[in-house]
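Trainee: Chains as they are written, first to last, in the numbering used here: chain U, 21 to 252; chain D, 21 to 252. Using N, Cα and C, we set each Cβ at its ideal position, and we do this for glycine too.
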DNA sequence: ATTAGTTTTATGTAGCTACATAATCAAGGA
DNA sequence: TCCTTGATTATGTAGCTACATAAAACTAAT
């Protein structure tokens, strides 16, 4: 009886196979969940879960009443995990190190304020720090922290604990923006990262909020050769 | 009766709020689903769905029998959507253009073969092409296509239709790898992208498979200033 | 004490029903 | 013809039950 109990993942794979082998081509409409359920001999809930997953990964599109369609223009949907920098370093077996470069309350520069959209903080704590892997520079971070949303940060000894780590543990966000781009190292950045001016560097820029309240905005400048990876 | 019917998203938000306000701190164990369900006056299934979502976004960790814990080291989990290049360009209101630079069957270079892990194709179709936005270079792609997995590609007029587009529509993948990094433009690349040698360029490298069969591996070199964005 | 085997338990999931909701489509009216 | 309105319909989801499964906790044998 429970012998042929089918998991929604099985159903998902079978539907995906039918899309791969062109039983249903891009743009085509798939049968209603109920019919597919009957075809595979399972419950509609199971089909629903399978379909939801295919929809999440971008292979199909679903609309109430409109039905399910194979996406004509599939997107590549990747999941990026960005861990705490210390853990990322330790993961590779390297020794993690951290240096506070500067820590100062300053009026919020316009370009930083703009990142927070609705609520623009007046003055913020600027923290510049360097993360090290095996005593060599790894990531240079330039961070602005809202002292309205996270006033406790002012009492944290940022020479000992990185703002990255403190915030991630003490100010979980409800929303964030991530922006990835490349820059050419200027003299100052090159010096800090112990590399050549003009090197191509990958930059991750993250802004986080609790509700609509701004928490922090960081620019993490990585060393030459740094790569972001995703696995599916 | 249905007045206080609660959605799993409501439950998720309430649990998340409890984590944000330190009712449950990082590392803490949450009550069993059944107890939470009782507390909120909903069914365990609803809690299960809420928990699953919080687990997916990296805020909590769940283990059978072990229970649910607030992650001590939360990760930032972002979803990246990479559309077909043409659509990405058209989205901005720009005019999309495409130029085939070269198309040749070649023995697979070792570094390309290595990307495919298990099955390493002997000879592949190499396609170099340029995507344009408003008649200016936008993305330079250097692609290797498996002529074993996708022999039909040999009959496609790649001067008219981009390999990007043909593959995405005709060879859906079951697995992919994505690698993001920065390079400094060499003379050749700079010329093709109409920029200066030495400019910092963001590179997306994508490898796709059907099952374990290699489909394609592309290196997409973007113009200076190109940014990848995620929203949550 | 250590290990192997067994029980317990919390999450995971399939199937069912009932109802909610968004889109579409068709009918009717201005 | 156009617009509004209401019926229809496919997906979305909550609640229930029953069972699956992994892992921890316990027990018994060596």
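Spatial neighbours of residue 21(D) within its chain, please: CB distance less than 6 Å, with the 5 preceding and 5 following residues excluded, ordered by chain position.
Mentor: Low local confidence applies: a pLDDT of 35 at residue 21(D) is under 50, so the model's placement there is unreliable, and no value is given.
Trainee: Report the three-state DSSP secondary structure of residue 216(D) (helix, strand or coil).
Mentor: If DSSP states are grouped into helix, strand and coil, residue 216(D) belongs with coil.
Trainee: Leaving out five residues on either side along the sequence, give the residues of the same chain with a beta carbon under 7 Å from the beta carbon of residue 218(D).
Mentor: Once the five neighbours on either side are set aside, the close Cβ partners of residue 218(D) are 204 and 205.
Trainee: Does residue 22(U) get closer than 8 Å to chain D when you measure Cβ to Cβ?
Mentor: In this prediction, residue 22(U) has a pLDDT of 35, which is less than 50 and means its spatial position is unreliable; nothing more can be read from the coordinates.
Trainee: Measuring alpha carbon to alpha carbon, tell me which residue in 95(U), 175(U) and 26(U) is nearest residue 59(U).
Mentor: Selected option, being the one with the closest Cα: 26(U).
Trainee: Rounded to whole angstroms, what's the CA-CA distance from residue 79(U) to residue 101(U)? Just pull it up for me.
Mentor: Between residue 79(U) and residue 101(U), the C-alpha separation is close to 22 Å.
Trainee: Could you check which residue in 125(D), 119(D), 33(D) and 108(D) has the C-alpha nearest to that of residue 175(D)?
Mentor: Looking at the Cα atoms, 125(D) is the closest of the given residues.
Trainee: From 210(D), 202(D) and 169(D), pick the residue whose C-alpha is nearest to that of residue 271(D); which is it?
Mentor: Because residue 271(D) is not part of the residues shown, which for chain D are 21 to 252, the question remains open.
Trainee: Going by other Cβ atoms of all chains shown within 10 Å of its Cβ, with 16 needed for buried, is residue 155(D) buried or exposed?
Mentor: It counts as exposed.
Trainee: Out of 213(U), 201(U), 34(U) and 81(U), point me to the one whose CA is closest to residue 148(U)'s CA.
Mentor: Of the listed residues, the one whose Cα sits closest to residue 148(U) is 213(U).
Trainee: Using a Cβ-Cβ cut-off of 8 Å (strictly less than) and excluding sequence neighbours within five positions of residue 87(U), which residues of its own chain qualify?
Mentor: Closer than 8 Å at the Cβ level, and outside the excluded window around residue 87(U), lie 49, 50 and 52.
Trainee: Using beta-carbon positions only, say whether residue 128(D) and residue 137(D) come within less than 8 Å of one another.
Mentor: Cβ atoms of residue 128(D) and residue 137(D): not closer than 8 Å.
Trainee: Out of 223(D), 226(D), 222(D) and 249(D), which one is the CA nearest neighbour of residue 227(U)?
Mentor: Closest by alpha carbon: 249(D).
Trainee: Indicate the three-state DSSP secondary structure (helix, strand or coil) for residue 7(U) in the structure shown.
Mentor: The requested residue 7(U) is not part of the displayed model; chain U covers only 21 to 252.
Trainee: Residues of chain D with a CB under 9 Å from the CB of residue 250(U): which are they?
Mentor: By Cβ distance, chain D contributes 100, 196, 197, 198, 199 and 200.
Trainee: Which residue wins for smallest C-alpha separation from residue 146(U), given the options 81(U), 133(U) and 122(U)?
Mentor: Checked all of 81(U), 133(U) and 122(U); the closest Cα to residue 146(U) is 122(U).
Trainee: In the stretch 228–247 of chain D, which residues sit with their C-beta less than 9 Å from some C-beta in chain U, listed in chain order?
Mentor: For the stretch 228–247 of chain D, which is checked against every Cβ of chain U, the residues closer than 9 Å are 228, 230, 242, 244, 245, 246 and 247.
Trainee: So residue 93(U) and residue 157(D) are in contact, right, with Cβ under 8 Å, and what is the actual spacing, rounded?
Mentor: With 8 Å as the limit, residue 93(U) and residue 157(D) do not qualify as a contact, their Cβ atoms being about 23 Å apart.
Trainee: In angstroms, rounded to a whole number, what distance separates the CA positions of residue 240(D) and residue 224(D)?
Mentor: C-alpha separation (whole angstroms): 5 Å.
Trainee: Please report how far the alpha carbon of residue 191(D) lies from the alpha carbon of residue 116(D), in whole angstroms.
Mentor: Using only the alpha carbons, I get a separation of about 23 Å.
Trainee: Taking all protein chains shown into account, decide if residue 31(U) is buried (16 or more other Cβ within 10 angstroms of its Cβ) or exposed.
Mentor: With 16 or more Cβ atoms within 10 Å of its Cβ, residue 31(U) is classed as buried.
Trainee: If we ignore side chains and look at the alpha-carbon of each, how far apart do residue 35(D) and residue 28(U) end up?
Mentor: Going by the C-alpha atoms only, they are around 27 Å apart.
Trainee: Can you grab the Cα-Cα spacing for the pair residue 23(U) / residue 132(D), in whole Å?
Mentor: Only weak support exists for where residue 23(U) lies, its pLDDT of 40 falling under 50; the value from the coordinates is given anyway. Spanning the two alpha carbons is a distance of roughly 44 Å.
Trainee: Find the residues of chain U that neighbour residue 184(D), judging by a C-beta separation of less than 9 Å, and give them in chain order.
Mentor: Those within 9 Å of residue 184(D) in chain U number zero; the least Cβ separation is about 11 Å.
Trainee: Going along the stretch 203–220 of chain U in order, which residues come within less than 7 Å of chain D, judged by CB to CB distance?
Mentor: Listed in sequence order: 203, 204, 218, 219 and 220.
Trainee: Could you check the C-alpha separation between residue 182(D) and residue 160(D) for me, to the nearest Å?
Mentor: Using only the alpha carbons, I get a separation of about 12 Å.
Trainee: Is the CB-CB distance between residue 91(D) and residue 46(D) below 8 Å?
Mentor: Closer than 8 Å, so yes.
Trainee: Can the beta-carbon of residue 230(D) be found less than 8 Å from the beta-carbon of residue 187(D)?
Mentor: No, they are not a contact pair.
Trainee: Give the straight-line distance between the Cα atoms of residue 164(D) and residue 178(D), rounded to the nearest whole angstrom.
Mentor: About 13 Å.
Trainee: Which residues in chain U sit within 9 Å of residue 69(D), going by Cβ to Cβ distance?
Mentor: The contacting residues do not exist; residue 69(D) stays about 10 Å from chain U at best.
Trainee: Assuming the contact rule is C-beta atoms closer than 8 Å, residue 70(U) and residue 64(U) should be a hit. Round their C-beta distance to whole Å, please.
Mentor: With a Cβ gap of about 10 Å, residue 70(U) and residue 64(U) do not count as contacting.
Trainee: Would you say residue 182(U) touches the ligand GDP, meaning its beta carbon is less than 7 Å from a heavy atom?
Mentor: This structure lacks the ligand GDP; in fact it carries no ligand of any kind.
Trainee: My understanding is that residue 215(D) touches residue 244(D), with C-beta atoms under 8 Å, so please give their C-beta distance in whole angstroms.
Mentor: 5 Å between Cβ atoms; contact.
Trainee: Less than 8 Å between the CB atoms is what I'm expecting for residue 201(D) and residue 247(U), so what's the real figure, rounded?
Mentor: Right, the Cβ-Cβ distance comes to about 4 Å (below 8 Å), so this counts as a contact.
Trainee: Cβ closer than 8 Å: which chain U residues qualify as neighbours of residue 40(D)?
Mentor: Near residue 40(D) (Cβ distances below 8 Å), the residues of chain U are 192, 194 and 230.
Trainee: Take residue 109(U) as the anchor and find which of 153(U), 142(U) and 98(U) has the nearest alpha-carbon.
Mentor: Nearest C-alpha to residue 109(U): 153(U).
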